[in-house]
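What follows is a short report on a single structure.
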């Protein structure tokens, strides 16, 4: 994943989590993950696998396109979005 795409995705996950009024712990609970995993993802210390990204979208109640709205249009095009 390109660094710009990854950065946009991490910002969006953090923003959508906050918009939903969820703490990192609450999101982790929805995903059956440890809170530290969410903290590492949001800090950019851990990347998401594709299947994990789907799980995060479900847990946040948003489509992938919402998380990638600020991504570089070329990256979205490559992903078919």
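Numbering (my numbering), first residue to last: 11 to 91.
Beta carbons are placed, not taken as given, at the ideal position from N, Cα and C, and that holds for glycine.
Residue state for residue 34 is assigned as helix, using DSSP reduced to three classes. Residue range 83-88 is occupied by the alpha helix (DSSP H) that includes residue 83. The beta carbons of residue 20 and residue 52 sit closer together than 8 angstroms.
The residues 73, 74 and 77, in chain order, have a CB closer than 7 angstroms to that of residue 67 in the same chain once the five nearest residues on each side in sequence are set aside. Here residue 45 has 34, 35 and 38 as same chain residues with Cβ atoms under 7 angstroms from its own Cβ, once five neighbours each way along the sequence are excluded. Excluding residues up to 5 positions away in sequence, nothing lies with its Cβ nearer than 7 angstroms to the Cβ of residue 32 in the same chain.
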